[in-house]
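Visitor: In the working numbering, the protein residues as written are 24 to 839. Don't be surprised by glycine CBs; every beta carbon is placed ideally from N, CA and C.
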Amino acid sequence: MTERYQPGQIEKQWQDRWEKDQLYEAVIDPDRPKFYFLTMLPYTSGDMHIGHWFAMTPSDARARFLRMKGYNVMYPIGFDAFGLPAENAAIDRNIHPKEWTYKNIENMQRQLRSMGAMWDWSREAVSSDPEYYHWTQWFFLQLLKNDLAYRKMSPVDWCPHCNTTLAREQVIGDNRVCERCKTPVIKKNLEQWFFRITNYADELLDFSSLDWPETVKLLQTNWIGRSEGARVIFKTEAGDPIEVFTTRPDTLWGATFMVLAPEHPLVEKLTTPEQYDQVHDYIHAATRQTDIEREALDKEKTGVFTGGYAVNPVNDERIPVWIADYVLMTYGTGAIMAVPAHDQRDFEFARKFELDVVPVILPEGVESLDGQTMTEALPEYGEMINSGVLTGTPATEAFEKTNIYLEEKGSGTFAINYRLHDWLISRQRYWGAPIPVVYCQTCGIVPVQEDELPVELPDDIEWRPTGESPLKFHPTWKNTNCPECDEPAVRETDTMDTFMCSSWYHLRYLSPEYDKGAFDPKEFEYWMPVDTYTGGVEHATMHLIYTRFFHKALRDFGVVKGDEPMLQLRNQGQILGPDGQRMSKSRGNVIDPDEQVGLYGADAVRAYLMFGYRWSDGGAWNPENIQGVVRWLSRVWTLVLETRNAKPGKVNAEVERALLRKTHQTLKQVAHDLNHFEFNTVISALMEFNNQIAAARDAGQAGTEAFEQAVEALLLMMAPPTPHIAEELWARAGKAYSIHNQPWPSFDPELAKEDEVILVVQVNGKVRDRISVPADISDDKARELAVASEAAQRFMGEKEPREVIVVPGRLVNIVV
RNA sequence: GCCGAAGUGGCGGAACUGGCAGACGCGCGCGACUCAAAAUCGCGUUCCUUCGGGAGUGUGGGUUCGAUUCCCACCUUCGGCACCA
């Protein structure tokens, strides 16, 4: 009896051996092409999720494949360790965030090791280590020095539960709730640090050098939300300027009123005494609307007249100024010129409040327009009418001519507006990298000297649910001396957004021990940029924009080279619970990877995650389907062990040729599919290959040269997806350690070629027969054989072929 | 509402540039081994059928000798954005 396949007995041993032998340590080697393979670092939540396995182990298989192909592959790992959950745990369970975090890291390291992935542990980096956030702070100082960091008072989203400021990206849903705890968000005015990511908006829209998924590029494009138009200055009757942004300067003559956001700073001044109460009530209601859950879409326009008037700069018309909540303070200038004839929202507003509608554009095919009788706005471009000196300007020139006209008059200019906002990085939290600045009575905001970094977090802290940073309440921590005048001063008590830490971790992996800078330039020179980056698509608009911005800013300071940090990006889908729902503890549908590894072994879990799903899609965990790969691995196990000492019998030339052919066909497919992230067909090809080797065994071919070659190729091809069983069987077959240092077997297209092919014979597009012919058959011969085939004749009947189409090697279609 | 992706057996999924639809598995059925069961192995498994064949890749049309693949319209599901001026 052959020994049973027991993964539990072999996997841990090999993992330990590989690590002891430093098999996967990536060292600069100018003689080999480098490959930086990066997978998104996990957050230190405590447990690895089966989703991490789905993201990481197929990536590992591809990294291993590239390594066998001769690349010098770096596959590093680390931890995103700062952030709110650590503090929530601290508050909930009275455990220090540091302790919670580092305990979790320990467990996660064990779990990551159990994957059998080729992590280079010598490059591990943890973002909450002082040696790490030293450089996070240093990067902050570079941004500050180069005027990309600034402080401003601004209304920020505030989560009353987490007691912290949220970036606008962290506020989700129609009802504007906190990303993490789902508490409705409120507004609060605080002095905050921002990064000028908007300076890079245009460059961030350029993806030409990136091999990234279309969806991610589109998400980023929409997120940045670039639109071209004009900035136009209207003036109130008192002479105060009201700036508006419009994408349709050509409709300017049709602006019959203005609408300001309720929060607009000029509202107070514009409001006349008679309108005061009404305006005040409206503002109050609008603000409360953002405080309380916002009602589902109320299409009905609401608004109030301020009593004030402005002057349309192009025709000097006196137009009323209203306020309405459909104008947003957070987009554009917080004020619009309303052109009801050509904008549907403005039209609805005008009709409801009986304001003038003046058409100024005549779209093609429209004879004439009457503002009194129009039933909807006409947003199309067209010939300008009722537009003073520009009347008659055709659609193609309207936009540009108006802009020139505005510039000449000095009342406007061409402008680009973005939906993207500057990146708010301040967090009123303890567990993050302290912002390295000092506030001095005489010198103002003073950066901490670079040689004073890191500004370390104190360990002795007190938890207060006050909503302000615990650092603020530390008795001594914030007290310091001004780096410039040496007088007593106070430290900034806010910490940085953790997206700041994760914007550069791929650089820390280059040299995590390096202390003369954030990274060793020699390592940068060799390894960067990242060649492949894998992770979840949920990071499309945050992390992946921030890290690109970060890189471009550093490039402009001369810290890094190149325009983009990550050349190729691929996203995996999500593994859902067996019930098809998102896994969550409350639903009780969480699949624990430790448990699965205990049941089936790491190789089976790896292989199943590759085999059972389209990697880009993911899907529900299926506890039955994994049996398929479990059986496959057991079959490979017995096949190799039972035949390893077989004496070759009489060679069956046909079986031998077929096995050799399958060997090379599989080599081709597996290499292609690993390269293209098509992991499910990698495993199915290997299953087919194993089935054919087994058939050759059953035909008495064990021990023949072709058989030995096939088994060797099978193990080598299994090394990337299922590294442990491949290594074990490699050793038991008497081959030299380690299979993971073997080159990928060479592929011979001649051997992969078929001698005979099955030609499909169609009559009028319907399959009627299949005939076996030599692979190199001529088109004429194929046509002749097909037409002569018995089934074809039967279906053709008396009719003569009108046309015969030959697709070489595939089919013949006879049209009658 | 707008933008995007996807709809293939009982299930997960295959099908490279328009050329055998359902590879590889799961499940199920039958059989072998067994006193029996599990495990393992073998065979079968899209549907309908008068056993000739017919239908079939969300629905309806189109292009083509030929469409899961290309085009048009629609339906459903999922994701993103949501009064963006």
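Since G411 and W276 are thought to touch, with beta carbons under 8 Å apart, how far apart are those beta carbons, to the nearest angstrom?
Guide: At roughly 6 Å, the Cβ-Cβ gap stays under 8 Å, so G411 and W276 are in contact.
Visitor: Have a look at L737 and E48 and give me their C-alpha separation to the nearest angstrom.
Guide: 26 Å
Visitor: Taking the C-alpha atoms as reference points, what is the distance between V659 and A811?
Guide: 45 Å
Visitor: Give me, in chain order, the residues of the same chain whose beta-carbon lies closer than 7 Å to that of K35; leave out the 5 immediate sequence neighbours on both sides.
Guide: In its own chain, leaving out the 5 sequence neighbours on each side, no residue places its CB closer than 7 Å to the CB of K35.
Visitor: So, T274 versus Q298, is the Cβ gap smaller than 9 Å?
Guide: no
Visitor: Taking P744 as the reference, which of P511, G31 and V628 has the closest Cα?
Guide: V628
Visitor: Quick one: any contact between the stretch 551–562 and the stretch 51–70, if contact means 3 or more CB pairs under 8 Å?
Guide: yes
Visitor: Among all the DSSP beta bridges, which residues are the ones paired with G139?
Guide: None; G139 has no bridge partner.
Visitor: Identify the continuous alpha helix (DSSP H) that holds N111 and give its terminal residues.
Guide: L107 to R116
Visitor: How about the stretch 692–712 and the stretch 750–762: do they share at least three Cβ pairs that are nearer than 8 Å?
Guide: no
Visitor: What residue range does the beta strand (DSSP E) around Y354 cover?
Guide: Neither: Y354 is in no beta strand (DSSP E) and is coded neither H nor E.
Visitor: Please return the same chain residues whose Cβ sits closer than 7 Å to the Cβ of W76, not counting the five positions on each side in sequence.
Guide: M138, P616, V628 and L632
Visitor: Determine, using beta-carbon pairs with one atom in the stretch 372–381 and one in the stretch 289–306, whether at least three such pairs fall under 8 Å.
Guide: no
Visitor: Quick one: what's F102 bridged to in DSSP?
Guide: V149
Visitor: How is the beta strand (DSSP E) around Q595 delimited, first residue to last?
Guide: Membership of Q595 in the beta strand (DSSP E) is indicated by the continuous run M589 to Q595.
Visitor: Does the pairing of the stretch 765–774 with the stretch 88–98 give three or more beta-carbon distances under 8 Å?
Guide: yes
Visitor: Tell me P336's beta-bridge partners as DSSP assigns them.
Guide: DSSP, once it has assigned bridges, lists no residue as partnering P336.
Visitor: Count the other C-beta atoms from every protein chain shown that fall within 10 angstroms of the C-beta of E823, then say buried if there are 16 or more, exposed otherwise.
Guide: E823 comes out exposed.
Visitor: Cα-Cα, which of P343, L413, A172 and M407 is closest to D379?
Guide: Checking every option, the nearest Cα to that of D379 belongs to P343.
Visitor: Would you kindly check if the distance between the Cβ of V267 and the Cβ of M360 is under 9 Å?
Guide: yes
Visitor: Grab the span of the beta strand (DSSP E) containing V469 for me, first residue to last.
Guide: Counting along the chain, the beta strand (DSSP E) containing V469 begins and ends at G467 to P470.
Visitor: Just verifying my parser: in three-state terms, what is the DSSP assignment at I315?
Guide: Bear in mind that the predicted position of I315 carries a pLDDT of just 45, short of 50, making it too unreliable to give a figure here.
Visitor: Cβ atoms of V478 and V471: under 9 Å apart, would you say?
Guide: yes
Visitor: Here's a check: name, in chain order, each residue in its chain whose Cβ is nearer than 6 Å to the Cβ of A104, leaving out the five neighbours to either side.
Guide: Cβ neighbours of A104 within its own chain (closer than 6 Å, five residues either side excluded): T67, T124, V149, S150 and S151.
Visitor: Are the beta-carbon atoms of A576 and Q165 separated by less than 9 Å?
Guide: yes
Visitor: Could you check whether the stretch 638–645 touches the stretch 712–726, counting it as contact only if at least three pairs of C-beta atoms, one from each stretch, sit closer than 8 Å?
Guide: no
Visitor: Output the distance between the C-alpha atoms of E318 and D474, rounded to the nearest integer angstrom.
Guide: Any reading at E318 needs caution, since the residue's pLDDT is 43, under 50, leaving its predicted position unreliable; the model's value is listed next. Their Cα atoms are separated by approximately 52 Å.
Visitor: Could you tell me which residues DSSP pairs with E751 in its beta bridges?
Guide: According to DSSP, which records beta bridges pairwise, E751 is partnered with nothing at all.
Visitor: Check for me: the beta strand (DSSP E) holding I265 runs from which residue to which?
Guide: P264 to T269
Visitor: Which partner residues of T436 appear in the DSSP bridge assignment?
Guide: DSSP output for T436 lists R254 as bridge partner(s).
Visitor: Please report the distance separating the alpha-carbon of V461 from that of P99.
Guide: The straight-line gap from Cα to Cα measures roughly 35 Å.
Visitor: Can you tell me where the beta strand (DSSP E) holding E406 begins and where it ends?
Guide: G405 to M407
Visitor: Count the other C-beta atoms from every protein chain shown that fall within 10 angstroms of the C-beta of I315, then say buried if there are 16 or more, exposed otherwise.
Guide: Its pLDDT being 45, under 50, I315 is placed unreliably in this model, and the coordinates cannot settle the point.
Visitor: With C-beta atoms as the reference, is T521 less than 9 Å away from W246?
Guide: no
Visitor: Name the two residues that bound the continuous alpha helix (DSSP H) containing V659.
Guide: I649 to T666
Visitor: Could you give the distance in angstroms between the alpha-carbon of N335 and the alpha-carbon of F280?
Guide: 9 Å
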